[in-house]
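Below is one structure; the comments refer to it alone.
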Amino acid sequence: MPKIVPEDKARQGHWGWHALRILLAGLLLAFIAWGAVEIYGEMIESPTSDQSVPQAPAPRQQPPQGG
Numbered sequence: 001m002p003k004i005v006p007e008d009k010a011r012q013g014h015w016g017w018h019a020l021r022i023l024l025a026g027l028l029l030a031f032i033a034w035g036a037v038e039i040y041g042e043m044i045e046s047p048t049s050d051q052s053v054p055q056a057p058a059p060r061q062q063p064p065q066g067g
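Counted from 1, the sequence shown has number 39 at position 39 by UniProt numbering; the numbering is strictly sequential.
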């Protein structure tokens, strides 16, 4: 005959400080990774001084029309 256990006693475990610490550590690691990617993205996005930026040609001036 199986043993009958009340519902409130049949749980495997409860949420405690250990689970909270694991969740907070994971969140902290995610923020650190996000920050590293942001810094890396800013470094590769900014132009260096060795690169020259092409400039648009100056607009041509029309000769004065007069007669």
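Even glycine gets a Cβ: it sits at the ideal position worked out from N, Cα and C.
Reduced DSSP secondary structure (H/G/I, E/B, other) of residue i
i, result
"Ile-4", "coil"
"Ala-30", "helix"
"His-14", "coil"
"Arg-21", "helix"
Residues of its chain near residue i, where Cβ-Cβ distance is below 8 Å and the 5 sequence neighbours each way are ignored
i, result
"Gln-65", "none"
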